[in-house]
Structures are given as C-alpha cells and as structure tokens.
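Here is the structure we will look at.
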Amino acid sequence: MAAPRNLVVETARLMKDEETAEDSPTSKKPVGAKLDGRFPLTGWEFTVAFSVFLVFSMGLFCIYLTMPAAEYGRLKLPRSISDLKMLKDDLGTYATIYPTKFILGYCSTYIFMQTFMIPGTIFMSLLAGALFGVKGIFLVVFNATAGASSCYFLSKLIGRPIVSWLWPEKLKFFQTEIAKRGDKLLNYMLFLRITPTLPNLFINLASPIVDIPFHVFFLATVVGIIPASYITVRAGLALGDLKSVKDLYDLKTLSVLFLIGSISILPTLLKRKRIYE
649 MAAPRNLVVE TARLMKDEET AEDSPTSKKP VGAKLDGRFP LTGWEFTVAF SVFLVFSMGL
709 FCIYLTMPAA EYGRLKLPRS ISDLKMLKDD LGTYATIYPT KFILGYCSTY IFMQTFMIPG
769 TIFMSLLAGA LFGVKGIFLV VFNATAGASS CYFLSKLIGR PIVSWLWPEK LKFFQTEIAK
829 RGDKLLNYML FLRITPTLPN LFINLASPIV DIPFHVFFLA TVVGIIPASY ITVRAGLALG
889 DLKSVKDLYD LKTLSVLFLI GSISILPTLL KRKRIYE
C-alpha cells in the first residue's frame, strides 16, 4: 500500500507547484514552459487568437455596461484569500438585490477566465460557495464545463504550437496514454478529471490535440469536476477559516479524490484482469 500513498503525496507536491504557477499573480510562466526565445504562434495564428480574445472581451464589457451601478473601484478579480474575503463583503448585498444580473456577470467572467487560461478561477469557485452556499456547486460546474469546452475549441484552432512549446514531454505522455485506452477512453478521462494527476489547464488544451472526441471530453468534464467543485464550494462556506488555497487539498482530500477516481477506471482494470486470465 506504500505506492498509492506515495502517489498521493507526490501529487500533493505537484499540485502546490501548479497552484504557485497558475494562481499566483507574480508567476512569470507556467510550470513546464520550455522557453527558447521563440514565440510559438505564427502571425496568422496570433491574429486569430487576438481576434477571438477581442470578441470575448467586447462581449464581457457590454455585459458589464448593462449591470446596475456599483462601487466598481472596490471590485477586482480575487488573487488571494484576503482579496476574496473583501470581495465577498462588497458583493454580498449586490448579489442579493440583483441576483440575475450578478450571476450573468459572474458566469461571463468565469468562462472568460477559463477560456483564456487566466489564473484565479479557483477563487471564483470559492466565491460561489461563500455567496450561494452548497447551491453554488451547480454554478461552478456549469461555468467550469462551459469554460473548458470553450478552451477546447480555441485550442483546436491554434493550440497545438502552444502546448508543444510549453509541455512537450507531458503532451507526449498524454498522447501515449490516450492511444492505449481504446473504448475505455471515457473512464480514463473521468479519472484525470476527478484526480489531480494532470492539471485541468493542460487537459483542456491538450485534449483536441490528441484527438479526444468532444463528447467524451464534455461528459468527463461535467461529471469529473463535481467532487473537486464540491470541496471548493464547501470551503467557500467556511471562508473565514481558510488561510491559503493550498489548504483545500491536504493528504486526506487527495486520498478521497484518488479513491473516487479509481472507481471510474475499475471497469478497465477488471477487463484487463479477465484478458490476462
């Protein structure tokens, strides 16, 4: 039983590294980036990426313009637990008075961040728990799935050079694993979504590159992110007791996630056992 325990401990360490790179406002590059001085996108690909970003930005700006007046100077994207606590106080009354418009703004911001890989969606998930309680899990799952799907199609368009530039070894490993799965691909994708074996950012970007069908990606995302979303939303309920994002995923939490994830690949393991017998 030492091997599974070591896997959980190692995953905890890797998650802390990923959080530092993806959720820290001071991070300069993602973990695993192979910077060789060359920009990975061609001029055409950059133009397409910038155009998509501009369209999304204009849509988000128009949504903000339709929202009732607020003290916007005090509002900002949360980058720390202390930011989140202040934001909760500022938005609590606003969300109560204008629930529909607030949810529209919240969803638009979350999906925008997820689509363009902007760090901080974990704080948005915590905010959903702090403002809406356990019901916030539906909001988080919807936004995370929509944002991941949007990122999937954006990556399908211009993602290959970026992923190959940032994570060449991880992409090769992922492609090899996908090729082995065959008709059990959904089970494997569920395992990846439930457990922190690979970062969600990488899965969103790499999936279309390794030819994972969208319906498999979508279903695995909807179901697979529920356990982690529940943990995050529950933590948002006790925001006053939370000191760091790293506190969300201790050894006990990781063990539970791996246990749930193992259930998703159980049919594959049983099938292999029957074959070898």
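According to the numbering used here, the residues represented by the sequence shown are 649 to 925, in order. Don't be surprised by glycine CBs; every beta carbon is placed ideally from N, CA and C. Quantities reported herein were computed from a predicted structural model and do not represent experimental measurements.
- Taking all protein chains in view, the Cβ of SER797 is crowded by 16 or more other Cβ atoms within 10 Å, so the residue is classified as buried.
- Shown here for LEU896: same chain residues with a beta carbon closer than 7 Å to its own, the five before and five after excluded, namely ILE879, THR880 and ALA883 in chain order.
- Between GLY781 and TYR758, the CB-CB gap reaches or exceeds 8 Å.
- Restricted to the stretch 772-859, not a single beta strand (DSSP E) segment is unbroken, complete and at least 3 residues in length.
- Under the Cβ criterion (8 Å, minimum of three pairs), the stretch 796-813 counts as touching the stretch 846-855.
- A straight line joining the alpha-carbon of MET761 with that of SER705 spans about 10 Å.
- For THR880, the uninterrupted alpha helix (DSSP H) run begins and ends at 874-885, by DSSP.
- Counted as a single uninterrupted DSSP element, the stretch harbouring LEU689 is not any alpha helix (DSSP H), since DSSP gives it neither H nor E.
- For the 8 Å CB-CB criterion, MET837 and VAL864 form a contact.
- The residues GLY909, SER912 and ILE913, in chain order, have a CB closer than 6 Å to that of PHE839 in the same chain once the five nearest residues on each side in sequence are set aside.
- Of the other Cβ atoms in all chains shown, 16 or more fall within 10 Å of the Cβ of SER877; this residue is therefore buried.
- The shortest CA-to-CA distance from THR845 to any of ASP859, GLU825 and ILE860 is the one to GLU825.
- Distance from the CA atom of GLU693 to the CA atom of ILE874, rounded to whole angstroms, is 34 Å.
- Distances from the alpha-carbon of LEU774 to those of ILE860, PHE790, LEU887 and PRO767 put LEU887 closest.
- The C-beta of THR690 has fewer than 16 other C-beta atoms within 10 Å across all chains shown, which makes the residue exposed.
- Secondary structure of PHE764 (DSSP, three-state): coil.
- ALA743 is positioned such that its CB atom lies closer than 8 Å to that of LEU779.
- At the C-beta level, MET772 and LYS749 stay beyond 8 Å of one another.
- Residue range 729-745 is occupied by the alpha helix (DSSP H) that includes LEU739.
- Cβ atoms of PRO726 and GLY768 come within 8 Å of each other, at about 6 Å.
- For LEU902, the secondary structure class from DSSP, reduced to helix, strand or coil, is helix.
- DSSP, read as helix, strand or coil, puts TYR897 in coil.
- Of the candidates SER756, ASP738 and ILE751, SER756 places its Cα closest to the Cα of VAL703.
- Contact check for LEU867 against LEU834 passes: the beta carbons are separated by less than 8 Å.
- Between the C-alpha atoms of VAL788 and ASN848 there is a straight-line separation of about 14 Å.
- Take ILE842, set aside five residues on each side of it, and the residues of its chain with a beta-carbon closer than 7 Å to its own are GLY872, PRO875, LEU905, ILE908, GLY909 and SER912, in chain order.
- Around the C-beta of PHE822, 16 or more other C-beta atoms lie within 10 Å, and the residue is accordingly described as buried.
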